[in-house]
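In the numbering used here, the protein residues as written are 477 to 577.
Glycine included, each C-beta is placed from N, C-alpha and C at the ideal position.
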């Protein structure tokens, strides 16, 4: 039987709604999509209602792309959402042009 790396933890926070819930009632989420490879990972959690509501389709490299966007946004001379969206568009256009080659 697989054991959580957070043995003894009784409550976790849902990453969607921020509710604190008992660990036994939570669903593990691995943003890289491989929750069976457990070594050295810290998982995030969803409450059961939020887990049912989320999309369960494969996300490819979306998480990595969004992390790149967030890093790129830090270097843009704008703030908050505007910086994030500007960075997203720049990287998405760059990614599309590389994909067309």
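Item: What three-state label does DSSP hand residue 525 in the structure shown?; Value: helix
Item: Could you have a look at residue 513 and say whether DSSP puts it in helix, strand or coil?; Value: coil
Item: Which whole-angstrom value is the C-beta distance of residue 539 and residue 560, which I expect to be below 8 angstroms?; Value: Not quite, the Cβ-Cβ distance comes to about 15 angstroms (not below 8 angstroms), so this is no contact.
Item: Work out the CA separation of residue 570 and residue 577 for me, nearest whole Å.; Value: Since pLDDT at residue 577 reaches only 44, below the 50 mark, its modelled position is unreliable, and no value is offered.
Item: Going straight from the alpha carbon of residue 535 to that of residue 541, what length do you get?; Value: 11 angstroms
Item: Relative to the alpha-carbon of residue 529, which residue among 572, 492, 486, 487 has its alpha-carbon at the smallest distance?; Value: 492
Item: Per DSSP, which residues does residue 534 bridge with? Please list them.; Value: Answer by DSSP bridge pairing: none, since residue 534 is not bridged.
Item: Can you find the residues in the same chain that come closer than 7 angstroms, C-beta to C-beta, to residue 488, ignoring five residues on each side of it along the sequence?; Value: 497, 499, 502, 521
Item: Going by other Cβ atoms of all chains shown within 10 Å of its Cβ, with 16 needed for buried, is residue 531 buried or exposed?; Value: exposed
Item: Using the Cβ count rule (16 or more neighbours within 10 Å means buried), how would you classify residue 549?; Value: buried
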